[in-house]
Amino acid sequence: MRTRTLRAWQWMHKWSSVICTASLLLICLTGLPLVFADEIDAWSAPPTVYATVPAGTPNVSLDRLAGIAGRMYPDEVITGIVIDDDEPQVFVSMAPSWPAFTANRRVRHFIAFDAHTGRVIEQSKPEADEPPAVMDLVLSLHRDLFAGLAGELFLATMGLLFVTAVVSGVVLYGPFMRKLDFGTVRDHRSRRIRRLDLHNLLGVITVAWAIVMGTTGVMNELSTPLFAIWQRTDVAAMLAPWRGAPPPSEMDLSSVQGALETAERAAPGMTFTSVTYPGDVNGSPYHYLFWGHGSSNLTSRLFTPVLVDARTGQLTAVVETPWYLHALDVSVPLHFGDYGGLPLKIIWALLDLMTVVVLASGLYLWLSRRQPVVGNRVDALEPMESELGRKSIRRVAE
Amino acid sequence: MPRSSVFWSVWRWPLAIAALTIVGLLAALLGGHGVWWWLSWTTLLTPIAVALRYWPLRVFFRGD
Numbered sequence: 026m027r028t029r030t031l032r033a034w035q036w037m038h039k040w041s042s043v044i045c046t047a048s049l050l051l052i053c054l055t056g057l058p059l060v061f062a063d064e065i066d067a068w069s070a071p072p073t074v075y076a077t078v079p080a081g082t083p084n085v086s087l088d089r090l091a092g093i094a095g096r097m098y099p100d101e102v103i104t105g106i107v108i109d110d111d112e113p114q115v116f117v118s119m120a121p122s123w124p125a126f127t128a129n130r131r132v133r134h135f136i137a138f139d140a141h142t143g144r145v146i147e148q149s150k151p152e153a154d155e156p157p158a159v160m161d162l163v164l165s166l167h168r169d170l171f172a173g174l175a176g177e178l179f180l181a182t183m184g185l186l187f188v189t190a191v192v193s194g195v196v197l198y199g200p201f202m203r204k205l206d207f208g209t210v211r212d213h214r215s216r217r218i219r220r221l222d223l224h225n226l227l228g229v230i231t232v233a234w235a236i237v238m239g240t241t242g243v244m245n246e247l248s249t250p251l252f253a254i255w256q257r258t259d260v261a262a263m264l265a266p267w268r269g270a271p272p273p274s275e276m277d278l279s280s281v282q283g284a285l286e287t288a289e290r291a292a293p294g295m296t297f298t299s300v301t302y303p304g305d306v307n308g309s310p311y312h313y314l315f316w317g318h319g320s321s322n323l324t325s326r327l328f329t330p331v332l333v334d335a336r337t338g339q340l341t342a343v344v345e346t347p348w349y350l351h352a353l354d355v356s357v358p359l360h361f362g363d364y365g366g367l368p369l370k371i372i373w374a375l376l377d378l379m380t381v382v383v384l385a386s387g388l389y390l391w392l393s394r395r396q397p398v399v400g401n402r403v404d405a406l407e408p409m410e411s412e413l414g415r416k417s418i419r420r421v422a423e
Numbered sequence: 735m736p737r738s739s740v741f742w743s744v745w746r747w748p749l750a751i752a753a754l755t756i757v758g759l760l761a762a763l764l765g766g767h768g769v770w771w772w773l774s775w776t777t778l779l780t781p782i783a784v785a786l787r788y789w790p791l792r793v794f795f796r797g798d
């Protein structure tokens, strides 16, 4: 590699790392408990007791649950329903009114029902009044630094810089290791050399995982703009025939259970886990928007939206999901490591800790630059400089 | 040393580990449970095992 090219990669590695390291250390440290979020939730919350029913008992009708919710809060509107596909429970979310919900989504509250009996299991306070759970705070720190979309875009930029740092690090690894055996940690040399060798070793063996984490992390950070693009293009085109029509009032709504069955007939084999009511800005003003997924390990992660006319209960469309939303769907498990049981999560945590060592040793190498103790001066420069045609490592070592 | 052998001596282990990592990441995602999960766990343990071998446990491998 030519000296100038090498210098350019070195410059890129240095500055992309320097800018992103603080954020990345925070992301790695908050990511560690998040890997085990399910286990922590299960351990910290009291177990929910569900009615014992014979296998194959169907869920109670969504109409019945919506009716119970409506009688409990007669002045409020239902904004959506979530059907848990792990536990037999259904969540009905409600808000004081559509304008209030549009202005602040955190006025929403949930009623949890036993899916088999329709018994109310639990009720939440409005999200705005609920004290935040510790894991929610950790997630927010990891995802947006408590700064919403601005924070997400900032961390997406940091993620791109991290990927740049990893790629440029790989480019530099080649010339660096020309005269060294794989895995060399030169114990007899200065602390700086040992840390450098460790940085290179752990960096290169975690490189594939780190690039996957970086790119899937960036994808996850971009979910808000990606959904907005989809809403403004594909969804807007699909809703064009309704444009200008008055949206249905609560009285006009057809059966939500009927709409679910319509969606199930339209997309056989698909499990529907949520419905967004007409009125939610994340849905359609005229439709029930159902989200369904397949049943295999992969397709259970790929979501397909189905629009059912909320007035007539007729199918409008099984929406073809654009590639970027499927990429986003796949990025979620690949980032969180929650798709291969507890052993995979433990492996995730160990790889995360190795990345912390790479980041910390990189930071050390940068902070300790230009403070060469006499005798370590050559250490500080080689073997990069040797590639630049000054001294061979072997001669320096001798 | 010819260029190609330098390339392989530098890159064979990093490339092998990266390939195993990718196999491990995809096995659990594309395959089902059972054997696919075991494939995923064992392949993804390679970078961890290599790290242990060359870093904290390297003193035990001196002289090889």
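Chains as they are written, first to last, in the numbering used here: chain P, 26 to 423; chain F, 735 to 798.
Yeah, the Cβ is synthetic: ideal placement off N, Cα and C, and Gly gets one too.
For Leu327/P, the secondary structure class from DSSP, reduced to helix, strand or coil, is coil. Non-local beta-carbon contacts of Leu378/P in its own chain, meaning distances under 6 Å to residues more than five positions away in sequence, are absent. By the C-beta density criterion, Ser309/P is buried, having at least 16 other C-beta atoms within 10 angstroms. In this structure the region 274–281 of chain P does not lie against the region 373–393 of chain P, because fewer than three pairs of beta carbons, one per stretch, are closer than 8 Å. Each residue's CA atom was taken as its position, placing His318/P and Glu246/P some 22 Å apart. Taking a cut-off of 8 Å for Cβ pairs, the region 146–159 of chain P and the region 208–219 of chain P do not touch, as fewer than three such pairs fall below it.
Excluding five sequence positions before and after Ser42/P, the CB atoms of its chain that fall closer than 6 Å to its own CB belong to Ala190 and Gly387, given in chain order. The closest CA to that of Pro200/P, considering only Tyr98/P, Ala47/P, Asp88/P and Arg27/P, is found on Arg27/P. Contact of Ile65/P with chain F by beta-carbon distance below 7 Å is absent, the smallest such distance being about 21 Å. Annotated three-state conformation of Phe207/P is coil, per DSSP. A Cβ-Cβ separation of about 7 Å places Ile782/F in contact with Ile372/P under the 8 Å criterion. Ranked by how close their Cα comes to the Cα of Gly304/P, the residues Val117/P, Gly105/P, Ser86/P and Gly95/P have Gly105/P in first place. By the C-beta density criterion, Asn225/P is buried, having at least 16 other C-beta atoms within 10 angstroms.
When beta bridges are read from the DSSP output, Ser309/P appears opposite no residue.
One thing to note: Gly362/P has its Cβ within 8 Å of the Cβ of Leu369/P. The DSSP-derived three-state label of Gly365/P is coil.
In this structure, Ser320/P sits near Gly294/P, with a CB-CB distance shorter than 8 Å. Around the C-beta of Thr341/P, 16 or more other C-beta atoms lie within 10 Å, and the residue is accordingly described as buried. Neighbourhood of Asn322/P in chain F, by CB distance below 9 Å: Ala762, Leu763, Leu764, Gly765, Gly766, His767 and Trp770, in chain order.
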